[in-house]
Amino acid sequence: MPNVDELKKICTQVRRDIVRMTNAVQSGHPGGSLGCTEFFVAMYYDILHCNPLHFEMDGIKEDLFFLSNGHISPVWYSVLARKGFFPVKELASFRKLDSRLQGHPATAEGLPGVRLGYGSLGQGLSVAIGAALAKKLNNDSFLVYSLHGDGELQEGQIWEAAMFAAAKKVDNLISTIDVNNAQIDGKTTDVLNLGDLKAKWLAFGWDVLEMKGNDIEEVITTMKNARERTGKGKPIMILMKTIMGKGVDYMEDNYKWHGVAPNNEQLQKALAQLEMTIGDY
Amino acid sequence: MKKYSYTELKDTRSGFGTGLLEIGRKNNKVVALCADLIGSLKMDAFAKEFPNRFFEVGIAEANMMGIAAGLTIGGYIPFTGTFANFSTGRVYDQIRQSIAYSDKNVKICASHAGLTLGEDGATHQILEDIGLMKMLPGMIVINPCDYNQTKAATHAIADIKGPVYLRFGRPAVPVFTDPSQRFEIGKAIVLTDGADVSIFATGHLVWKAIEAAVALETKGISAEVINIHTIKPLDNGAIIRSVKKTGCVVSAEEHQMNGGLGDSIAQLLAREYPCPMEMVAVNDSFGESGTPDELMHKYGLDIPDIIRTAEKVIARRAVEFEK
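Structure representation (structure tokens):
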């Protein structure tokens with residue numbers, strides 16, 4: 012495992028990137044991005060076998076990652092850039108005209124690290140399953156990972172995909188749900204209660220794990236555990252509890268920060284809580 | 112006028128099924144997916160011969176489109192199969208985002224297009240699919256006319272990279288094109304040379320247009336029948352060449368007037384060569400239950416409709432020339 016203190020420093024920097032990127036264009040989705048920071052840092056700095064310097068769409072003999080809840084693009088872009096997929100200074104182009112960093116991740120502009128257009132929710136799990144089937148056909152033992160929002164589970168396609176992956180034993184797939192109980196209109200439990208998620212995924216035939224998503228050591232341990240459980244006939248689902256807006260006190264556990272950018276005053280307040288560790292873009 | 116005859120009556124979906132099996136044998140990157148309609152889509156032979164490359168997804172078309180998009184990541188060429196309605200309208204957003212916008216090499220193969228699936232009625236028929244699919248940036252839209260051409264088109268789309276919508280149907284229709292033809296995407300085929308009217312037809316209406324041209328000849332009218340098997344990209348050059356000769360146009364298709372082949376041709380002519388044009392198509396209506404022949408008659412997509420429409424547009428040209 013890489014040095015956890017180093018990873019925590021990277022997390023702080025990624026959080027600075029998120030609030031600065033969204034502030035700069037006064038749009039974007041800081042809440043979920045901040046909540047998933049530890050997950051992305053753990054994934055790209057420890058878990059995923061991928062090649063940042065030589066990105067290929069087909070991703071043969073490497074792990075693949077799909078971000079079904081594409082609106083949390085700021086955290087993904089920040090981690091991809093920090094990991095070397097593209098220049099860190101390009102983060103300044105987020106959501107601007109002629110940018111590769113579209114509001115929601117896209118392939119049309121050829122941004123390294125992104126294999127699909129995201130935004131309309133509920134689609135990423137099916138695509139991840141398809142990519143996992145391709146790996147099986149290719150006798151490629153590397154894995155496919157996907158991340159989803161909890162609100163996204165209100166989309167019916169997710170459950171079509173859930174049924175398929177278990178029935179067809181797609182056991183080289185590790186999916187994670189960001190359980191932050193928040194979506195645009197309010198708490199997920201209020202908007203449309205998802206019920207007992209663990210029981211649901213178990214009933215659909217998945218192997219289910221749980222973890223605290225803002226504890227980077229627990230994320231790494233759980234993801235490694237998940238990796239050990241692949242190839243046993245079941246797709247794997249990780250229910251990841253996070254706090255929306257984690258790291259910025261006035262945003263924490265407040266669904267109103269799902270898709271609102273901090274203003275300049277709020278930005279300064281946020282940056283004061285987030286130490287600059289490896290340098291701003 | 113060049114004469115055409117047909118060898119037999121056969122459904123275009125069987126051309127797809129045979130074509131799929133052949134390209135499956137030729138290219139081990141070809142995979143196929145179906146949403147509980149293997150028999151209807153004629154995918155049985157492929158499924159039997161290549162069980163590892165065939166995915167039955169059940170009645171879950173949205174998931175099928177997503178899985179197809181994912182299979183391209185890793186180098187596969189997925190062919191999805193279901194009815195045209197469930198291949199387009201039901202899954203439009205999945206196709207738009209995960210396939211078209213993401214530029215994935217998925218071949219969306221759609222049977223039972225138009226009215227001619229017959230008795231199941233309007234929920235299973237679709238007359239809007241060409242319009243839906245041609246509006247998506249980068250999507251190629253193909254509607255072949257008979258068994259042989261559908262088979263050849265299935266081969267051709269495997270050989271190009273990028274998303275394709277391939278539309279075919281259920282009824283047995285005359286097989287008159289060359290069994291060994293090479294299908295050229297985007298290249299219209301002039302079937303009869305004519306001087307008085309250009310008839311641009313697609314899919315099941317192509318044979319009907321040929322029959323209409325024979326009838327028109329007996330009335331002293333020389334019709335140029337052109338098979339527009341590819342609606343997008345449209346063969347602008349072939350269309351303009353013909354219209355410069357004839358000065359008037361009929362389009363014929365088993366689709367809504369809104370958004371169909373006629374609509375694409377009208378756009379082209381408005382920009383480059385305005386002239387009288389009439390459309391044989393369904394006019395802002397859903398279908399209903401009935402036999403294919405009854406439906407084609409009731410909705411104005413039959414041989415007499417093409418003849419009448421050709422005479423009408425020729426008369427319009429005469430009046431508009433006098434002005």
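Chains A and B, in that order, are what the protein sequence lines are. Per this note's numbering: the first sequence ends with 292, consecutive numbering throughout. Per this note's numbering: the second sequence ends with 434, consecutive numbering throughout. Even glycine gets a Cβ: it sits at the ideal position worked out from N, Cα and C.
Short CB-CB distance (under 9 angstroms) between ILE83 of chain A and chain B: no
Reduced DSSP category for SER89 of chain A - H, G, I as helix; E, B as strand; rest coil: helix
Cβ neighbour criterion (16 or more within 10 Å) applied to PRO162 of chain B: exposed
When B:ASN174, B:ILE210 and B:ILE376 are compared against ILE188 of chain B, the one with the closest alpha-carbon: B:ILE210
Closest Cα partner of LEU127 of chain A within the set B:LEU182, B:THR234, B:LEU228 and B:LYS355: B:LEU182
Rounded separation between THR329 of chain B and MET112 of chain B - CA only: 11 angstroms
Inter-residue Cα distance where the pair is ILE134 of chain B and LYS159 of chain B: 14 angstroms
Boundaries of the alpha helix (DSSP H) in which LEU278 of chain A is found, first to last residue: 275-284
Closest Cα partner of LEU148 of chain B within the set B:PHE197, B:ILE296 and B:ALA180: B:PHE197
Buried or exposed (CB count within 10 angstroms, at least 16 for buried), ILE300 of chain B: buried
Integer Cβ distance of THR199 of chain B from MET244 of chain B, believed to fall under 8 angstroms: 6 angstroms
Nearest residue (CA-CA) to VAL354 of chain B, options B:GLY398, B:ARG428 and B:LYS343: B:ARG428
PRO273 of chain A burial status per 10 Å Cβ neighbour count (16 or more: buried): buried
Entirely enclosed beta strand (DSSP E) segments - the segment 47-90 of chain A, minimum 3 residues: 75-78
Limits of the beta strand (DSSP E) - the one that THR193 of chain B falls within: 188-194
Under 9 angstroms (Cβ pairs) to chain B, residues found in the segment 66-100 of chain A: MET68, ASP69, GLY70, ILE71, LEU75 and PHE77
Enclosing beta strand (DSSP E) for CYS220 of chain B [first to last residue]: 218-222
Assigned secondary structure, LEU184 of chain A (DSSP; H/G/I helix, E/B strand, else coil): strand
Chain A contact residues for ASP214 of chain B, given Cβ-Cβ distances below 8 angstroms: THR118 and ALA119
LEU171 of chain A versus A:LYS146, A:TYR129, A:GLY216 and A:TYR156, residue with shortest Cα-Cα distance: The identity of residue 171 of chain A in the sequence shown is Glu, whereas the question assumes Leu. Residue A:GLY216 is the option with its Cα nearest to GLU171 of chain A.
Reference SER125 of chain B; option with closest CA among B:HIS235, B:ALA283 and B:GLY169: B:ALA283
Residue-level contact to chain B via CB, ASP189 of chain A, 9 angstroms cutoff: no
Contact set between the segment 150-173 of chain B and chain A, restricted to residues whose Cβ is under 8 angstroms from the partner: ASN163, ARG164, PHE166, VAL168, GLY169, ALA171 and ALA173
Anticipated Cβ contact below 8 angstroms, GLN275 of chain B with ILE219 of chain B, distance rounded: It is worth fixing the name first, because residue 275 of chain B is Val in this sequence and not Gln. Their Cβ separation, rounded to whole angstroms, is 7 angstroms, which keeps VAL275 of chain B and ILE219 of chain B in contact under 8 angstroms.
Boundaries (first-last residue) of the alpha helix (DSSP H) holding ALA377 of chain B: 372-383
Residue from B:CYS145, B:PHE157, B:ALA146 and B:THR123 with nearest C-alpha to LYS137 of chain B: B:PHE157
Sub-9 angstroms separation of PRO116 of chain A and LYS94 of chain A beta-carbons: no
Secondary structure, beta strand (DSSP E): runs of 3+ residues fully inside the segment 176-261 of chain A: 184-190, 218-223 and 247-252
Reduced DSSP category for PHE294 of chain B - H, G, I as helix; E, B as strand; rest coil: coil
Proximity to ASP270 of chain B [Cα-Cα], best of B:LEU226, B:MET246, B:VAL325 and B:GLU295: B:GLU295
Residues bridged to GLN367 of chain B (per DSSP): B:VAL393
Contact check, PRO246 of chain A vs ASP218 of chain A, beta carbons under 9 angstroms: yes
Whole runs of the alpha helix (DSSP H) within the segment 284-345 of chain B, excluding any shorter than 4 residues: 316-329
Test item: CB-CB of ASN394 of chain B and GLU239 of chain B under 9 angstroms: no
Chain B within 9 angstroms of ALA214 of chain A, Cβ atoms only: no
Interface flag, LEU164 of chain A vs chain B, CB-CB below 9 angstroms: no
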